[in-house]
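Notes follow once the structure below has been shown.
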Amino acid sequence: MTFVLDDQQQMLQETFERFFREKGSIERLRQLREHRDQPGCDPELWREMAELGFCGLMIDEAHGGLGMGLREMALLLQHAGQWLMPEPLLSSALLAPSLLRLAGDSAQQDRWLPELAAGTTIGAVAWSEPTTRLDPLDQRTTATAAGNDWVLNGEKQFVLDGNVASLLIVSA
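Positions 1371 to 1542 (the numbering used here) are the ones given, in order, by the sequence shown.
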């Protein structure tokens, strides 16, 4: 399958390529890995990505994002992966905002999407369970209403970027 990029997408691709070529390397990844007491990514670089709009690429403009689509996100993730960037782009710039947009109510969207776009909150999705063999539809975790709150009961595993997230979206 061949994708033909329009002028804006071509400009984005060039921006992503330049940025990640300058910032990423196997040496950087090894340095981050050696510091076991650190989160495994660079908070300063994450702020820089947020300032450039990477974190809010797919978040609508009304919530502080750029309002772009999956093709632009694919370009971003392609170059981030090519240059071995461990920052939480997949979980916080794609998965969390997409789920909030699809399943969150307007109050949740108004609360979290601007923070995700600004990079001040890192989102992660907890859906995989030890007993479900990676089937996202087979969920044993339950959510029970308790006044204005919810009580979660269950177990999740393999939460991508859960170690750096301040927002967890949990399937139940």
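Each residue gets a CB set at the ideal place from its N, CA and C atoms; glycine is no exception. Quantities reported herein were computed from a predicted structural model and do not represent experimental measurements.
CB of residue i within 8 Å of CB of residue j, strictly
{"i": "LEU1427", "j": "GLY1434", "result": "no"}
{"i": "ARG1417", "j": "GLY1489", "result": "yes"}
{"i": "LEU1445", "j": "GLN1378", "result": "no"}
{"i": "THR1491", "j": "SER1541", "result": "no"}
Inter-residue Cα distance where the pair is residue i and residue j
{"i": "THR1429", "j": "GLY1437", "result": "A small fix is needed here, since residue 1429 is Ile in this sequence, not Thr. Looking at the two C-alpha atoms, the distance is approximately 5 Å."}
{"i": "ALA1516", "j": "VAL1374", "result": "51 Å"}
{"i": "GLN1478", "j": "LEU1470", "result": "7 Å"}
{"i": "ALA1473", "j": "LEU1465", "result": "12 Å"}
{"i": "ARG1398", "j": "MET1419", "result": "16 Å"}
{"i": "GLY1410", "j": "ALA1432", "result": "31 Å"}
{"i": "ALA1450", "j": "SER1461", "result": "13 Å"}
{"i": "TRP1453", "j": "ASN1518", "result": "44 Å"}
{"i": "ALA1496", "j": "THR1511", "result": "10 Å"}
Residue i classed as buried or exposed, judged by whether at least 16 other C-beta atoms fall within 10 angstroms
{"i": "MET1381", "result": "exposed"}
{"i": "VAL1521", "result": "exposed"}
{"i": "PHE1528", "result": "exposed"}
{"i": "ALA1494", "result": "buried"}
{"i": "GLY1423", "result": "buried"}
{"i": "GLU1442", "result": "buried"}
{"i": "LEU1507", "result": "exposed"}
Where residue i sits in the DSSP three-state scheme
{"i": "TRP1520", "result": "strand"}
{"i": "ALA1542", "result": "coil"}
Neighbourhood of residue i by C-beta distance below 8 Å, restricted to the same chain and skipping five residues each side
{"i": "GLN1408", "result": "LEU1402"}
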